[in-house]
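In the numbering used here, the protein residues as written are 187 to 625.
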């Protein structure tokens, strides 16, 4: 059944809800036939270099903004890394937005592969942020009069869409000829997308245009945007909705996947068996992302700093939620203080609203702290100042517990040397294929 549904025609005919339920199934069974003497196919995912609006902390979405000088350096550096590791591309896929297409061209030029065919599609565009596009991420809630928690929920949850963009919005794309082939339904949907909607359109294209080439053992480069690439990673590695949101997709750093005969990613610790082990970094096993099997090529210190910034954003959201719970509890009290046990119940109810809240470190720790205070009866009432002090203490206690270390993979040995070493360690195993064209 799954094999039949993997065909592009059948997949397009499904409803959005049916396709959403199938997203987690893509990588679990063999989609397409592959020659018996295959070598592992290669998929390289690359987020565009830093854009002008990235540097200004603005919602970008489908707005067509250029790269910064740093972004151009990131694009060329990515090309050099790919060239140094010997990757030879058969085709490149990118979006119709200049920050991605310019990155693709710069990377290919630096890798001395300017002649590679580049396919551009709106289906690989960044998530459309609706009315938020062009606004500062820290100020949009105030300027547009949107509840701050709702805004953060839109940014961080899977099913919540932003406020829809109207025709009079300065960045409305309805008259842009790049999108003249969109159906009326697609154009309406693009007024503001949830992460789920973004994932569905990206995977429509990935299923139809990329997977058949991967099934033939080709080397494919996809240059796109953070949320579009997360959609692909989520499906390839069967990562949960919650875990994929903290997945770091840094600008200008290639992520390498090797796929086996079933189009399933080969774990980094097994790549030496195929003689195609790159030098790079992956998450330590203890991170528990649910199975990220790619390899980052790049500077691990930069990766850590990017992940740290993302985790800080996550903690900011948790503090917003905690303060909102307190404000709502105060409204139920007769004075400007909250009884500890009532605040515990309010937070407990809030965490029960969504599975997502249950996985938030600060909320869980605050619940424990309030429970201890209520049981000991040391603090029957809590003031706003006291609650802010508790939040600050929780934040300090959680430092260093969210950003977990990367581990290095690959020894920098030539493939021939890797195969000799593998044969020595596994004399009974068949000799692995030598991946010469897809290095």
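C-beta atoms are modelled at their ideal positions from N, C-alpha and C, and glycine is treated no differently.
In the structure shown, what three-state DSSP assignment does residue i receive?
i: residue 537; result: helix
i: residue 568; result: strand
i: residue 220; result: Unreliable positioning characterises residue 220 in this predicted model, as indicated by a pLDDT of 45, which lies under 50. The coordinate reading is nonetheless provided below. Of the three classes helix, strand and coil, the one that applies to residue 220 here is coil, per DSSP.
i: residue 328; result: helix
i: residue 412; result: helix
i: residue 295; result: helix
i: residue 528; result: helix
i: residue 245; result: coil
i: residue 424; result: coil
i: residue 482; result: strand
i: residue 310; result: helix
i: residue 322; result: strand
i: residue 434; result: coil
i: residue 406; result: strand
i: residue 627; result: Any property of residue 627 remains undetermined from this structure, which presents the chain solely from 187 to 625.
i: residue 348; result: coil
i: residue 364; result: helix
i: residue 454; result: helix
i: residue 354; result: coil
i: residue 211; result: Only weak support is given to the placement of residue 211: the predicted model assigns it a pLDDT of 48, under 50, and the value that follows is read from those uncertain coordinates. Here residue 211 sits in helix by DSSP.
Report yes if the C-beta distance between residue i and residue j is below 8 Å; otherwise report no.
i: residue 507; j: residue 536; result: yes
i: residue 530; j: residue 548; result: no
i: residue 397; j: residue 449; result: yes
i: residue 425; j: residue 478; result: yes
i: residue 241; j: residue 285; result: no
i: residue 247; j: residue 312; result: yes
i: residue 482; j: residue 573; result: no
i: residue 411; j: residue 281; result: yes
i: residue 360; j: residue 353; result: yes
i: residue 376; j: residue 368; result: yes
i: residue 566; j: residue 514; result: no
i: residue 358; j: residue 382; result: no
i: residue 453; j: residue 422; result: no
i: residue 317; j: residue 347; result: no
i: residue 226; j: residue 444; result: yes
i: residue 580; j: residue 553; result: no
i: residue 269; j: residue 296; result: yes
i: residue 568; j: residue 523; result: yes
i: residue 510; j: residue 394; result: no
What are the start and end residues of the alpha helix (DSSP H) that includes residue i?
i: residue 263; result: 255-270
i: residue 636; result: Nothing about residue 636 can be read from this structure; the chain reaches only from 187 to 625.
i: residue 548; result: 547-562
i: residue 336; result: 334-342
i: residue 428; result: 427-430
i: residue 372; result: 370-375
i: residue 400; result: 397-401
On a Cα-Cα basis, can you pick out the residue from the options that is closest to residue i?
i: residue 320; options: 285, 245 and 358; result: 245
i: residue 289; options: 257, 527, 277 and 305; result: 257
i: residue 364; options: 504, 416 and 310; result: 310
i: residue 409; options: 260, 427, 525 and 380; result: 260
i: residue 315; options: 413, 532 and 417; result: 413
i: residue 307; options: 380, 577, 366 and 253; result: 366
i: residue 250; options: 335, 356, 349 and 452; result: 356
i: residue 528; options: 561, 374 and 546; result: 561
i: residue 388; options: 419, 291 and 514; result: 419
i: residue 323; options: 433, 502 and 394; result: 502
i: residue 429; options: 395, 509 and 546; result: 546
i: residue 626; options: 569, 392 and 434; result: Summary: the structure shown does not reach residue 626, with the chain confined to residues 187 through 625, and so no result is reported for it.
i: residue 399; options: 487, 253 and 279; result: 279
i: residue 516; options: 384, 571 and 293; result: 571
i: residue 392; options: 523, 292 and 305; result: 305
i: residue 500; options: 543, 538 and 395; result: 543
i: residue 390; options: 417, 370, 373 and 371; result: 417
i: residue 294; options: 559, 558 and 407; result: 407
Need the endpoints of the beta strand (DSSP E) that residue i sits in, please.
i: residue 232; result: 227-233
i: residue 383; result: Careful: residue 383 lies outside any beta strand (DSSP E), inside the alpha helix (DSSP H) at 381-391.
i: residue 305; result: 304-306
i: residue 183; result: Because the chain is modelled from 187 through 625, residue 183 falls outside the range shown and cannot be assessed.
Would the beta-carbon of residue i be found less than 7 Å away from any heavy atom of the ligand FMN?
i: residue 414; result: The model on display carries no ligand, and the ligand FMN is accordingly not part of it.
Exercise. Given 8 Å as the limit, is there contact between the stretch 313-332 and the stretch 289-305, that is, 3 or more CB pairs closer than that?
Worked result: no
Exercise. Would the stretch 261-275 and the stretch 226-244 be scored as touching if the rule is three or more Cβ pairs under 8 Å?
Worked result: yes
Exercise. Taking three-plus beta-carbon pairs below 8 Å as touching, is the stretch 396-407 in contact with the stretch 425-438?
Worked result: no
Exercise. At a cut of 8 Å, does the stretch 260-268 reach the stretch 334-344 through at least three beta carbon pairs?
Worked result: no
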